[in-house]
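As structure tokens, the structure follows; a few thoughts come after it.
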Amino acid sequence: MAAEPARMTEAGTPNFRWNFTVNVLDNMLYALAASLVAQETILPLLVSKLSDSPLLIGLIPALYSISYYLPQLFMANHAEGLRRKLPFVVVFSGFLQRLPIPLIGLCLLLFAESNATMALALFFALFAVSAFGGGIVTPAWYTMIGKVVPVRRRGVFFGIANGGGMLMGVGGALFVGRVLEEVAYPNSFAWLFFVAGGILLVSLVCLALTREPPSEDVKRAGNLRQYLRRLPAILRAQHNYRRYLLSYSLLRVSLMSTSFFVVFGEQSLQLGGAEVGLLVAVFIGTQALLQPLMGSLGDRWGHKRNLSLAALSIVLASGCALLAGDIALVALAVSLLACAISCDSVSQYNIVLEFAPTAEQPTYIGLTNSILAPVTFAAPLLGGWIAAQFGYNALFAASAGAGLVAAWLLLHWVAEPRHNPPAPMFAPTKEKQRRLDMSQAYAANWDSLTKHEVPAWFSDSKFGLYAHWGIYAVPGFGNEWYGKWMYDPNHEIHQRHSERFGNPADFGYKDFIAGFTAEHYDADDWADLFTASGARYAGFSLAHHDGFGLWDSDVYRWNVGKMGPRRDLYGELAAALRRRDMRLVAPFHIVRGFNWFLPGWSQWNQRFDQAAVQRGIDEGWDLFDPDYSDFYWVQQTSQFDDFFAQWQAKVREVIDKYQPELMWFDGGKFRDEGFEETALEMLAFYLNRGREWGKDVLVLNKLPVSMQYNFHPDFGVINFESGRDRPANYQRAWNDDMRIGDQSWGWVEGQRYHQGHTLLCKLIDCTARGGTMMLSLSPTPDGRIPRSQREPLLQMGDWLRKYGEAIYETVPYSTHAEGDDSKLIVERRGHKFWEYANCDASDRRYTQSKDGRTIYAMTLGIPRGAVTFAALRTGLGIERVTLLGSDQPVLWTQSPQGLTIQADALRYDNNLAAAWKIQLR
Numbered sequence: 000m001a002a003e004p005a006r007m008t009e010a011g012t013p014n015f016r017w018n019f020t021v022n023v024l025d026n027m028l029y030a031l032a033a034s035l036v037a038q039e040t041i042l043p044l045l046v047s048k049l050s051d052s053p054l055l056i057g058l059i060p061a062l063y064s065i066s067y068y069l070p071q072l073f074m075a076n077h078a079e080g081l082r083r084k085l086p087f088v089v090v091f092s093g094f095l096q097r098l099p100i101p102l103i104g105l106c107l108l109l110f111a112e113s114n115a116t117m118a119l120a121l122f123f124a125l126f127a128v129s130a131f132g133g134g135i136v137t138p139a140w141y142t143m144i145g146k147v148v149p150v151r152r153r154g155v156f157f158g159i160a161n162g163g164g165m166l167m168g169v170g171g172a173l174f175v176g177r178v179l180e181e182v183a184y185p186n187s188f189a190w191l192f193f194v195a196g197g198i199l200l201v202s203l204v205c206l207a208l209t210r211e212p213p214s215e216d217v218k219r220a221g222n223l224r225q226y227l228r229r230l231p232a233i234l235r236a237q238h239n240y241r242r243y244l245l246s247y248s249l250l251r252v253s254l255m256s257t258s259f260f261v262v263f264g265e266q267s268l269q270l271g272g273a274e275v276g277l278l279v280a281v282f283i284g285t286q287a288l289l290q291p292l293m294g295s296l297g298d299r300w301g302h303k304r305n306l307s308l309a310a311l312s313i314v315l316a317s318g319c320a321l322l323a324g325d326i327a328l329v330a331l332a333v334s335l336l337a338c339a340i341s342c343d344s345v346s347q348y349n350i351v352l353e354f355a356p357t358a359e360q361p362t363y364i365g366l367t368n369s370i371l372a373p374v375t376f377a378a379p380l381l382g383g384w385i386a387a388q389f390g391y392n393a394l395f396a397a398s399a400g401a402g403l404v405a406a407w408l409l410l411h412w413v414a415e416p417r418h419n420p421p422a423p424m425f426a427p428t429k430e431k432q433r434r435l436d437m438s439q440a441y442a443a444n445w446d447s448l449t450k451h452e453v454p455a456w457f458s459d460s461k462f463g464l465y466a467h468w469g470i471y472a473v474p475g476f477g478n479e480w481y482g483k484w485m486y487d488p489n490h491e492i493h494q495r496h497s498e499r500f501g502n503p504a505d506f507g508y509k510d511f512i513a514g515f516t517a518e519h520y521d522a523d524d525w526a527d528l529f530t531a532s533g534a535r536y537a538g539f540s541l542a543h544h545d546g547f548g549l550w551d552s553d554v555y556r557w558n559v560g561k562m563g564p565r566r567d568l569y570g571e572l573a574a575a576l577r578r579r580d581m582r583l584v585a586p587f588h589i590v591r592g593f594n595w596f597l598p599g600w601s602q603w604n605q606r607f608d609q610a611a612v613q614r615g616i617d618e619g620w621d622l623f624d625p626d627y628s629d630f631y632w633v634q635q636t637s638q639f640d641d642f643f644a645q646w647q648a649k650v651r652e653v654i655d656k657y658q659p660e661l662m663w664f665d666g667g668k669f670r671d672e673g674f675e676e677t678a679l680e681m682l683a684f685y686l687n688r689g690r691e692w693g694k695d696v697l698v699l700n701k702l703p704v705s706m707q708y709n710f711h712p713d714f715g716v717i718n719f720e721s722g723r724d725r726p727a728n729y730q731r732a733w734n735d736d737m738r739i740g741d742q743s744w745g746w747v748e749g750q751r752y753h754q755g756h757t758l759l760c761k762l763i764d765c766t767a768r769g770g771t772m773m774l775s776l777s778p779t780p781d782g783r784i785p786r787s788q789r790e791p792l793l794q795m796g797d798w799l800r801k802y803g804e805a806i807y808e809t810v811p812y813s814t815h816a817e818g819d820d821s822k823l824i825v826e827r828r829g830h831k832f833w834e835y836a837n838c839d840a841s842d843r844r845y846t847q848s849k850d851g852r853t854i855y856a857m858t859l860g861i862p863r864g865a866v867t868f869a870a871l872r873t874g875l876g877i878e879r880v881t882l883l884g885s886d887q888p889v890l891w892t893q894s895p896q897g898l899t900i901q902a903d904a905l906r907y908d909n910n911l912a913a914a915w916k917i918q919l920r
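Just so it is clear: in the sequence shown, position 163 is 162 by numbering that gives the first Met the number 0, and no numbers are missing.
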């Protein structure tokens, strides 16, 4: 210990040595006082003197648990708002936690002999007040210690404090033995409480000498109701944390026999006061030796194993008690009990802190204790009932059984959070992961992933369909960003929402879920329409930026399987498409969802309108209600790390559940530091899953407004939204996705839709230039695809049935297009978009068969008069020219100006586009 002061100086915390010393003294003196009135030994013995009911003995730890643990959760919110915790701790610890101890001694002197019932009632009342006081100050005390003792010194702090306190407790236990042996009852117990009270007073003085610096930035204590309502989100987010709570609950059940070991020894073996004092000394001395050791082991091998050892120790302690015929075995049982208590006291909070984000550690402590309080309360009562009804042997046997189960769960079911972040529910089994590792072809790096080739099925398909379908369709106004704009006081959608539905505090975005019924949704009808349109793959957006999922998810609650339609909408469509031999696309739009709802926020500027946010908070918008933090995902109520972890869980769940052949992600800074590693892992996971399934899978790589590709520019197929910023002749595989509506990607009242001619022209142009096209539909909230959207799709499908030979399974010709491209390009907000409403027969496009022996020449309208294809001039050996879908003879000539066809001599069975097949010699 001689080198310790020099190492302490390195801590760099103001007044570190002083604060370390006074708080160690406080803890050691508190432990000494606690040894004089030990809850596990002295208090049960006192109650056995006042009553012969085992149930009342079991009430001691039960009452302590309910009084101590429950207030912590309510006080955590208040503690976070205090700049200095010390004044609060000193006042409430002094008056509520410590003062009741000497008052219990006074009550024993006054009533123990004359009115045992009164003495018993006053004892339990004052004991509950003391425990309640301890619960009130605990969150603030832990926070204060965190401020004055830095992280790297807390292990030393608690080791010295607990170990020193236990050593002092050994002396206290010997003092207890002398007092119980030489002073008559009830004075003996009264003096123990008086002395303990005096020591607690000195301890309080040491605590008050702490030099706590004020916190510079504190979280203002919010509305308690809102604070409490956001707590379930923590449980939903942490799968492994929930497993820990269940496993630890069984450990608490196994400790139901704690208070009965000494009483069992005294009553069964007729032990005297000195022998009882010896057992107390063994109990405390063992803890004094084991506390530092368990702390060191917890740091080295993990606190989960410490808690497993606690469970096994209680099993062995119970076994010794069952076999006890003399004080030696009882002493061994008490030693093992002390081992269990030591492991538990060292690790029960440390493991919780490893689950918790730093800023929320008091909340996690309070939440854990509140959840466990009913178990901790009921377990000793159950123990007392078992002892009263069936005897001590039955109690110890039940305790051992619970301990065995708890140990197994902790060892084999709960992952050590220090080394294994909370495992999501979608995680593959170890066997599946082993197979994946063995067959892995793709590593999580760009060198490996960029070697993935574009599957032939995608290049050949040319045309796919999907849909923007979600709760934004329920209001049917504005666009699919309705949920964002309704919370922006400066946007017209906010004004419209307030007029139709009221203030967002009264009707928030989440309230539209009830109107998203999907009652007329028929997956087979959709799949039939998709097939008839000529699309080769299909799906719909699983979740837009608002985050509401259209699949039945076990990862989170905000999805159609858990609310609204209560159906697996995506799963139904996936099955219907599979029955028609169509491939499945899985688009995700949710990675940009964190802070998306905030007024003024965008993914790229990452700033929000502070005045609008404050207005929303003041008016009580559900956007800032912690109970919905896992839906709105704004920084005022949630953490990005939790959001991003849930995003990964959602994507992996969809991959494993539906096995889509195509995925793409709208938005997301996947190339940024902190994101790229996860993106690489996700992409490798998906591509390797495809190998396991025996499928050729693919990812679209979007070029967003930022002009930075989602992923490495050599990975996947480049995706251009509405042709934005796409070069006329792009050399890599690419895809255009476009919406069928002129106003919104989702359904809105009064929206106009692109006609079949416009859509077909885009498909032909994309194909000719070496790309593909994916069209998004806009279904209604009840699940219908309106006729105004069906008709253009069926027009396309009719054309593709007749002339699809010029589209499917083709490759670009050396000349892609002829005509005026400038009329197709529209500039908006500094970007260029490709639009096709002005296409006509003067626009010509070319494709060719893969073997190069057939060329397809198309006009983006029905020509009148002769039409010349300049790229097919003299020198190209043309053998035959036919009009696709017709056996009419075609009059044509070839010259240096090109191939000229007398188009006015032909009859056309459509009014959209014409296609000729040119066969070469």
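Idealized CB from N, CA, C, for every residue including glycine.
Integer Cβ distance of residue i from residue j, believed to fall under 8 angstroms
{"i": "residue 277", "j": "residue 325", "result": "That belief does not hold up - the Cβ atoms of residue 277 and residue 325 are roughly 13 angstroms apart, past 8 angstroms."}
{"i": "residue 619", "j": "residue 607", "result": "With a Cβ gap of about 18 angstroms, residue 619 and residue 607 do not count as contacting."}
{"i": "residue 832", "j": "residue 723", "result": "5 angstroms"}
{"i": "residue 859", "j": "residue 763", "result": "6 angstroms"}
{"i": "residue 449", "j": "residue 714", "result": "5 angstroms"}
{"i": "residue 175", "j": "residue 59", "result": "Rounded, the Cβ-Cβ distance is 17 angstroms, inconsistent with contact."}
Extent of the continuous alpha helix (DSSP H) to which residue i belongs
{"i": "residue 734", "result": "From DSSP, residue 734 is part of no alpha helix (DSSP H) but of the beta strand (DSSP E) over 733-738."}
{"i": "residue 313", "result": "302-322"}
{"i": "residue 587", "result": "Looking at the DSSP string, residue 587 is not in any alpha helix (DSSP H); the run it does join, the beta strand (DSSP E), is 582-587."}
{"i": "residue 573", "result": "568-578"}
{"i": "residue 630", "result": "628-631"}
Contact under 9 angstroms by Cβ, residue i with residue j
{"i": "residue 876", "j": "residue 920", "result": "yes"}
{"i": "residue 912", "j": "residue 861", "result": "yes"}
{"i": "residue 471", "j": "residue 580", "result": "no"}
{"i": "residue 469", "j": "residue 552", "result": "no"}
{"i": "residue 710", "j": "residue 682", "result": "yes"}
{"i": "residue 54", "j": "residue 380", "result": "yes"}
{"i": "residue 535", "j": "residue 459", "result": "yes"}
{"i": "residue 409", "j": "residue 304", "result": "yes"}
{"i": "residue 22", "j": "residue 147", "result": "yes"}
Distance between residue j and residue i (C-alpha atoms, nearest Å)
{"i": "residue 778", "j": "residue 294", "result": "60 angstroms"}
{"i": "residue 418", "j": "residue 96", "result": "The predicted position of residue 418 is uncertain, since its pLDDT is 45 and thus under 50; no value can be drawn from it."}
{"i": "residue 20", "j": "residue 211", "result": "13 angstroms"}
{"i": "residue 256", "j": "residue 648", "result": "41 angstroms"}
{"i": "residue 804", "j": "residue 810", "result": "11 angstroms"}
{"i": "residue 315", "j": "residue 26", "result": "30 angstroms"}
{"i": "residue 519", "j": "residue 781", "result": "5 angstroms"}
{"i": "residue 372", "j": "residue 562", "result": "31 angstroms"}
Residue(s) in a DSSP beta bridge with residue i
{"i": "residue 891", "result": "900"}
{"i": "residue 353", "result": "According to DSSP, which records beta bridges pairwise, residue 353 is partnered with nothing at all."}
{"i": "residue 915", "result": "856 and 882"}
{"i": "residue 463", "result": "536 and 773"}
{"i": "residue 720", "result": "736"}
{"i": "residue 831", "result": "826"}
{"i": "residue 701", "result": "718"}
{"i": "residue 558", "result": "548"}
{"i": "residue 274", "result": "Paired residue(s): none; residue 274 is not in a bridge."}
{"i": "residue 816", "result": "844"}
{"i": "residue 752", "result": "740"}
The ligand GDP heavy atom lying under 8 angstroms from the CB of residue i
{"i": "residue 623", "result": "With respect to small molecules bound, the structure shown includes none, and the ligand GDP cannot be examined in it."}
First and last residue of the uninterrupted beta strand (DSSP E) at residue i
{"i": "residue 846", "result": "843-848"}
{"i": "residue 662", "result": "661-664"}
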